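To start, the structure itself, in structure tokens.
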Amino acid sequence: MSDTLSPLMSADLAPIFWPPSRTGVVSAWYGHVPFSHWLVANVRPKVLVELGTHNGVSYCSFCEAVARMRLPTACYAVDTWQGDEHAGFYGEEVYNDLARFNSARYASFSELLRSTFDEALPYFADNSIDLLHIDGLHTYESVKHDFESWLPKLSNRAVLLLHDTNGRERNFGAWRLFLELKQRYPAFEFLHSYGLGVVAVGANAPDAVSALCSLDESSINAVRERFAMIGECWARESTPTSDPGRIDEHTQSIKALEEEIGSLRAELANLSGLDGALTNERVRADNLEAQLSSIKAQVGSLNSELVQLSSSLDSRLAGLLSKPGNWARYDNAYHEWKKYRKKHVERREALEKIAQMYNVRAFFLLYPLYKIINPVRKLIKSLSGKDRHPQG
Ligand SMILES: C[S@@+](CC[C@H](N)C(=O)[O-])C[C@H]1O[C@@H](n2cnc3c(N)ncnc32)[C@H](O)[C@@H]1O
Numbered sequence: 016m017s018d019t020l021s022p023l024m025s026a027d028l029a030p031i032f033w034p035p036s037r038t039g040v041v042s043a044w045y046g047h048v049p050f051s052h053w054l055v056a057n058v059r060p061k062v063l064v065e066l067g068t069h070n071g072v073s074y075c076s077f078c079e080a081v082a083r084m085r086l087p088t089a090c091y092a093v094d095t096w097q098g099d100e101h102a103g104f105y106g107e108e109v110y111n112d113l114a115r116f117n118s119a120r121y122a123s124f125s126e127l128l129r130s131t132f133d134e135a136l137p138y139f140a141d142n143s144i145d146l147l148h149i150d151g152l153h154t155y156e157s158v159k160h161d162f163e164s165w166l167p168k169l170s171n172r173a174v175l176l177l178h179d180t181n182g183r184e185r186n187f188g189a190w191r192l193f194l195e196l197k198q199r200y201p202a203f204e205f206l207h208s209y210g211l212g213v214v215a216v217g218a219n220a221p222d223a224v225s226a227l228c229s230l231d232e233s234s235i236n237a238v239r240e241r242f243a244m245i246g247e248c249w250a251r252e253s254t255p256t257s258d259p260g261r262i263d264e265h266t267q268s269i270k271a272l273e274e275e276i277g278s279l280r281a282e283l284a285n286l287s288g289l290d291g292a293l294t295n296e297r298v299r300a301d302n303l304e305a306q307l308s309s310i311k312a313q314v315g316s317l318n319s320e321l322v323q324l325s326s327s328l329d330s331r332l333a334g335l336l337s338k339p340g341n342w343a344r345y346d347n348a349y350h351e352w353k354k355y356r357k358k359h360v361e362r363r364e365a366l367e368k369i370a371q372m373y374n375v376r377a378f379f380l381l382y383p384l385y386k387i388i389n390p391v392r393k394l395i396k397s398l399s400g401k402d403r404h405p406q407g
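Residue numbers for the sequence shown, in this note's numbering: 16 to 407.
Structure representation (structure tokens):
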């Protein structure tokens with residue numbers, strides 16, 4: 016192989032090209048994964064501790080390098096897995112998901128310690144940690160407290176990573192601590208993905224880290240630029256959606272749609288009830304109509320009976336009037352007519368009652384009867400006046 020191409024084949028570069036193992040979860044750390052792989056491969060820490068793990072993107076990048084390099088490293092992630100003011104507060108699913116991922120891939124050398132950073136301190140011996148990553152709450156007071164309380168735990172070859180050294184929002188203060196640490200220890204800073212400070216805290220820091228911290232200006236820019244380029248690719252590739260605001264937007268519209276479906280369902284249930292009531296009313300109306308038809312039929316037969324009666328009376332009266340001497344028979348015919356009329360008046364009243372019951376106007380039912388009865392009455396009246404017969 017020619018000397019020109021051998022740098023491309025260098026095994027030292029391999030960790031930079033390993034893809035992130037933990038993807039598809041929210042994190043601001045994807046951009047630093049290539050450097051993290053490279054750093055672990057070069058530091059070869061005996062004990063590695065992370066303060067602030069959340070979904071585990073940074074922590075799993077350390078573990079992935081340990082696994083691929085088959086390093087004898089013990090890894091610990093410390094977090095309450097409840098969230099904080101800067102990362103936001105989250106539910107149990109975050110810890111459960113990471114715990115599953117961790118035990119499936121890194122169980123032989125990695126432990127998740129669910130506690131506050133301060134509570135975890137007694138579980139680590141002084142001068143024991145070779146690589147410490149601080150990524151908890153980002154106020155100046157918090158990062159300073161985390162650094163000072165864990166400093167005694169760092170070994171004489173320890174390297175410190177400090178995330179968000181380039182964050183200048185929401186009271187972030189890691190940049191301020193990093194400025195102070197730069198005065199005391201050799202350091203290097205990446206500016207992409209919110210910034211990552213690398214501090215050679217141990218007096219005997221690994222050579223690769225010491226070299227990184229003593230680069231000249233132009234080399235610093237070249238290293239920053241290269242890691243930023245490859246890191247940003249992974250950030251784009253691995254983040255579930257590059258715009259968390261859009262997740263919120265989608266969540267909101269899903270919620271609104273669910274609410275709308277809920278109210279439509281309630282409306283539908285209401286309409287089904289109304290539909291049932293309407294069917295009952297229709298059945299009742301059909302019954303009433305059938306009863307009304309039967310009343311009308313009764314009225315019809317009563318009418319025809321009355322018509323027959325009137326014509327027979329007419330002919331009987333005409334016969335009687337043609338024989339004026341037969342007054343007794345005339346009287347009998349008159350009384351017979353009165354009897355019939357009484358009977359029909361009773362039947363009419365009964366029908367009126369039925370009509371009232373079914374809320375039907377009596378007038379429409381009884382008008383045909385009236386039209387027949389009235390001329391007969393008039394005839395009887397005129398006969399009574401002519402023959403000086405008393406009114407019935
Ligand atoms: C910025 S997130 C960590 C991001 C993570 N390193 C990544 O790769 O995306 C900060 C985490 O620190 C945790 N945290 C903050 N202060 C803590 C404390 N005092 N003790 C334990 N956990 C803490 C929060 O629960 C949160 O999960």
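Think of the CB as a built atom: it goes at the ideal place given N, C-alpha and C, for glycine as much as any other residue. None of the values given here were measured: they were computed from a predicted structure.
Beta-carbon contacts of residue i that lie in its chain and below 7 angstroms, excluding the five residues immediately before and after
i    : result
H207 : G46, A243, G246 and E247
Y355 : L324
R185 : H101
Residue i CB to nearest heavy atom of ligand 1 below 7 angstroms
i    : result
V158 : no
V72  : yes
W165 : no
D290 : no
H69  : yes
H52  : no
V93  : yes
W249 : no
D99  : yes
F139 : no
F116 : no
Simplified DSSP assignment, three categories, for residue i
i    : result
D206 : Checking the displayed sequence, the identity of residue 206 turns out to be Leu instead of Asp. DSSP places L206 in coil when its eight states are reduced to three.
E100 : coil
V183 : Just to set this straight, residue 183 is Arg in the shown sequence, not Val. Note: R183 maps to coil in three-state DSSP.
S125 : strand
Y355 : helix
D172 : Here residue 172 is Arg; the residue named in the question, Asp, does not match the sequence. Reduced to three states, the DSSP call for R172 is strand.
A92  : strand
G212 : strand
L230 : coil
L63  : strand
D301 : helix
D329 : helix
L28  : helix
H160 : helix
H5   : Residue 5 lies beyond the stretch modelled for the chain, which goes from 16 to 407, so this question has no answer here.
H52  : helix
H47  : helix
L20  : coil
Whether residue i touches residue j by CB criterion (8 angstroms)
i    : j    : result
T88  : P49  : no
R129 : D94  : yes
L175 : V214 : yes
A202 : L196 : yes
S170 : S143 : yes
Residues of its chain near residue i, where Cβ-Cβ distance is below 8 angstroms and the 5 sequence neighbours each way are ignored
i    : result
Q97  : F104 and Y105
A114 : L127
Residues near residue i in its chain [Cβ-Cβ closer than 6 angstroms; skip 5 each side]
i    : result
E126 : Y91
V224 : V174 and A215
I438 : In the structure as shown, the chain begins at 16 and stops at 407. Residue 438 is therefore absent and cannot be evaluated.
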